[in-house]
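Residue 167 in the working numbering sits at position 117 of the sequence shown, and the numbers go up by one each step.
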Amino acid sequence: MGLNQLIGNKRIKSILYSYLRNDNIPYSMIFSGSAAANTLSFAVAFAKAIQCLDRDEDFCGACRHCEEIDREIFPDLKIITPEGQFYKKEQIVFLKEDNYRRPLMGKKKIFIIKDAQKMNENSANAFLKVLEEPAESTMFILLTKNLNNLLPTIKSRCQILNFTLPTQAELKAFFLQKGIDDSQAELMSYLGQSGIEDIIEGNFDELMKKRQLSLKILINLTNKTDVDEILLDLNTRSRSRDSFLEYFTEQVNLLSLLLRDIMLLHIDKESEFVINIDNKETLMNLCEQIPMPKVLYLIQRMELLFRDIKRNLNTKILVLEFIKSYTMKEVNHVQSDYR
Ligand SMILES: [Zn+2]
């Protein structure tokens with residue numbers, strides 16, 4: 051057992067190991083990266099390595115502390131999430147009081163703060179005060195998907211580690227190690243590399259459902275059936291920006307992979323590089339319906355959408371651009387909703 055068994059981010063592992071080896075653990079850290087980059091697993095594993103009874107520079111996974119951390123009952127590791135859309139000031143006040151209590155069992159009291167960017171001005175300032183007056187045996191690990199949304203004064207007090215998505219090879223090796231068969235591991239590794247969070251969290255069934263949904267969306271958009279329903283669904287989801295962006299990015303990812311496969315099948319019907327091989331028959335049908343120039347056009351459009359997502363464009367505009375990519379005609383009569 052140990053930190054080395056986590057997927058990817060070799061550079062970060064070596065930084066964490068050096069902190070442990072030199073017994074020089076920062077008081078507050080920021081793990082920055084998408085959830086697919088596995089920041090939470092790294093934070094929990096690092097906490098285990100600090101608290102482990104058997105090992106000094108890593109965790110054993112079997113001692114009482116490691117085991118209690120796995121069961122989420124260890125008193126000196128707390129994982130905190132915002133109550134509602136943002137952290138409430140009372141949550142931070144409570145945190146502040148708790149932070150001054152001595153650890154009950156562990157070497158340190160560790161707080162993992164999920165979605166640290168979700169602090170409004172009040173809670174961020176309250177948290178800043180906590181960081182300004184460090185307690186002796188406490189440490190904080192802030193997780194964030196969006197480093198830009200953290201107060202500069204908070205960032206300047208934290209050691210920032212930037213996580214990257216695991217590579218396809220790293221993912222495949224990880225799945226093989228978990229006993230997943232080769233073709234499934236190959237499929238999962240491609241999907242995971244595109245940032246599909248369910249993969250890394252092990253929600254394979256959930257991912258299968260999403261894949262089937264994206265295939266259905268592609269079929270409907272191609273046949274121009276139920277386009278209004280797709281639009282309505284996206285429109286409803288777009289009211290909650292964060293969850294919409296998560297869903298939308300994932301769907302655009304999955305659609306891009308489907309389009310990539312259709313492109314490959316256009317070139318070679320027996321291509322061994324098709325990722326969604328379990329849906330080959332359906333993809334062959336789509337291949338008949340979507341001519342190559344259109345496939346290339348759509349792939350390019352999906353890339354542009356990724357760029358637009360990163361640019362923080364309005365969700366309604368994203369939805370409109372998405373639908374427009376596939377079909378021009380249907381958009382006209384619903385366009386008025388978006389003004
Ligand atoms: Zn242990």
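Just so it is clear, CB atoms sit at the ideal spot from N, CA and C, and this is done for glycine as well. All of these numbers come straight from a predicted model, not from anything done at the bench.
Met-238 has no beta-bridge partner at all, per DSSP. In this structure, DSSP gives Phe-323 a state outside helix and strand, which the three-state scheme calls coil. The beta carbon of Arg-289 lies closer than 6 Å to none in the same chain, with the five residues before and after it left out. Assignment of Ile-267 by DSSP, reduced to helix, strand and coil, places it in the helix class.
The residues Cys-337, Met-342, Val-345, in chain order, have a CB closer than 7 Å to that of His-316 in the same chain once the five nearest residues on each side in sequence are set aside. Fewer than three pairs of CB atoms, one per stretch, sit closer than 8 Å, so the segment 130 to 141 makes no contact with the segment 251 to 268. Pairing Asn-196 with Gln-227 gives a Cβ-Cβ distance that is not under 8 Å. Neighbourhood of ligand 1, defined by CB distance below 7 Å to any of its heavy atoms: Lys-98, Cys-102, Leu-103, Asp-104, Arg-105, Phe-109, Cys-110, Gly-111, Ala-112, Cys-113, His-115, Cys-116, in chain order.
In this structure, DSSP gives Lys-128 an extended state, which the three-state scheme calls strand.
Rounded to whole angstroms, the Cβ separation of Phe-136 and Ser-173 is 6 Å, and the two are in contact under 8 Å.
Between Ile-367 and Met-313, the gap from beta carbon to beta carbon reaches 8 Å or more. Annotation: Met-155 to Val-180 spans about 22 Å, alpha carbon to alpha carbon. Out of Glu-186, Ile-373, Asn-198, the CA that lies nearest to the CA of Ser-78 is found in Glu-186. Per the C-alpha coordinates, the member of Lys-319, Leu-309, Asp-358, Glu-331 positioned closest to Tyr-347 is Leu-309.
Segment contact: the segment 209 to 223 against the segment 68 to 83, three or more CB-CB distances shorter than 8 Å; contact assigned. In this structure, Leu-56 is the residue among Lys-158, Met-51, Leu-56 with its C-alpha nearest to the C-alpha of Lys-222. The DSSP-derived three-state label of Phe-356 is helix.
In this structure, Phe-161 lies near Phe-190, with their beta-carbon atoms less than 8 Å apart. The shortest C-alpha to C-alpha distance from Glu-147 to any of Met-258, Lys-98, Thr-89, Glu-183 is the one to Glu-183. Taking the Cα of Glu-300 as reference, the smallest distance to any Cα among Asp-106, Gly-242, Gly-111 is reached at Gly-242. Excluding its 5 nearest sequence neighbours in each direction, His-115 has C-beta neighbours in its own chain below 8 Å: Lys-98, Gln-101, Cys-102, Leu-103, Phe-124, Met-155, Gly-156, listed in chain order. The beta carbon of Ile-129 is closer than 6 Å to those of Ile-162 in its chain, skipping five residues each way along the sequence. In this structure, Thr-365 places its C-beta atom within 8 Å of the C-beta atom of Phe-294. Measuring C-alpha to C-alpha distances from Leu-201 to each of Met-169, Ile-269, Leu-70 identifies Met-169 as the nearest.
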